[in-house]
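The opening residue of the sequence shown carries number 732 in our numbering; numbering runs sequentially from there.
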Amino acid sequence: ALALYQEIKEAHHEGLTFGEYLRESKDPTAKTVIFEDSAALVGIVLAAAGLLLGQYKIPPAEGVMWDGIASVAIGVVLAIVAFGLARSSRGLLLGEAATPKNVEAIRRAIKSHPSVVEVVELLTMHLAPKQILVNAHINLKNDLTNEQIIESIAEIEENMKKAEPKVDMIFLETASLKNSNGKK
């Protein structure tokens, strides 16, 4: 009950319904606690039903099979929970990209800076449930000095972290629209 309350509170904090939070959350520990506890409760009900049906010798086979049927049903419930947890954790293990909502917030944060002309490429990857790596290739205005470029990069990184607090590591590749010959 305490784990469920904590997750509902976290969902509310992120402005999501509980169902949306469970689908979008990258935190495998929260899902594991909730799903395992739910499976345990379902298992208790199935075991009790199997014992009761067996005790009262309800057909088939005068109640002898009910205990075994309940055991198989519990095994199926546990297999479903294990499959669901493995499926939801797979993204973190393989380096899943941030959600489209996160990516759009990061893109807006970069584009909002006055020195940025365009975001050429934006790649993201979850390192942990609340850690996102950002790799961005951006074009800056041509007339910036080295000091202005350094200052702009620091401000862009700060903007990204404000827009999406999960951003932890940032790699920015910058270029101006001119090549070394001064042509566009």
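Cβ coordinates follow ideal geometry from the N, Cα and C atoms, glycine included.
Among the options, the one whose alpha carbon lies nearest that of residue i
{"i": "Pro860", "options": "His743, Lys897, Ile739 and Leu816", "result": "Lys897"}
{"i": "Leu854", "options": "Ser846, Ile863, Val776 and Val847", "result": "Ile863"}
{"i": "Ile765", "options": "Val812, Ile841, Ala836 and Val776", "result": "Val812"}
{"i": "Glu767", "options": "Leu809, Ile775, Met796 and Ala828", "result": "Leu809"}
{"i": "Ala828", "options": "Ala804, Lys757, Ala770 and Thr763", "result": "Lys757"}
{"i": "Leu784", "options": "Ala770, Ala771, Ile800 and Gly774", "result": "Ile800"}
{"i": "Arg818", "options": "Lys832, Glu755, Thr748 and Ala840", "result": "Glu755"}
{"i": "Asn866", "options": "Met856, Asp874 and Leu875", "result": "Met856"}
{"i": "Val773", "options": "Lys788, Ile789 and Ser802", "result": "Ser802"}
{"i": "Pro769", "options": "Leu735, Ile739, Leu747 and Met796", "result": "Checking the displayed sequence, the identity of residue 769 turns out to be Ser instead of Pro. Of Leu735, Ile739, Leu747 and Met796, the residue nearest in Cα terms is Leu735."}
{"i": "Ala771", "options": "Glu852, Val807 and Ser820", "result": "Val807"}
Check whether residue i and residue j have beta carbons under 9 Å apart
{"i": "Thr830", "j": "Ile869", "result": "no"}
{"i": "Glu888", "j": "Leu871", "result": "no"}
{"i": "Leu858", "j": "Asp899", "result": "yes"}
{"i": "Gln879", "j": "Ser846", "result": "yes"}
{"i": "Val850", "j": "Arg838", "result": "yes"}
{"i": "Pro759", "j": "Leu823", "result": "yes"}
{"i": "Lys762", "j": "Ala840", "result": "no"}
{"i": "Ala742", "j": "Leu733", "result": "no"}
Delimiting residues of the alpha helix (DSSP H) encompassing residue i
{"i": "Thr855", "result": "Here Thr855 belongs to no alpha helix (DSSP H); instead the beta strand (DSSP E) covers Val847 to Ala859."}
{"i": "Ile869", "result": "No alpha helix (DSSP H) contains Ile869, which is instead part of the beta strand (DSSP E) from Gln862 to Leu871."}
{"i": "Glu917", "result": "Nothing in the structure corresponds to residue 917, since the chain is present only between 732 and 915."}
{"i": "Thr876", "result": "That residue, Thr876, is in no alpha helix (DSSP H); it is neither H nor E in DSSP."}
{"i": "Lys832", "result": "Pro831 to Lys842"}
{"i": "Lys762", "result": "Pro759 to Gln786"}
{"i": "Ala828", "result": "Unbroken run through Ala828: none, as it is neither H nor E."}
{"i": "Ile789", "result": "From DSSP, Ile789 is part of no alpha helix (DSSP H); its letter is neither H nor E."}
{"i": "Glu745", "result": "Neither: Glu745 is in no alpha helix (DSSP H) and is coded neither H nor E."}
Assumed close pair residue i, residue j - CB separation to whole angstroms, cut-off 8 Å
{"i": "Met891", "j": "Ile901", "result": "6 Å"}
{"i": "Leu777", "j": "Ile805", "result": "5 Å"}
{"i": "Ala836", "j": "Glu895", "result": "5 Å"}
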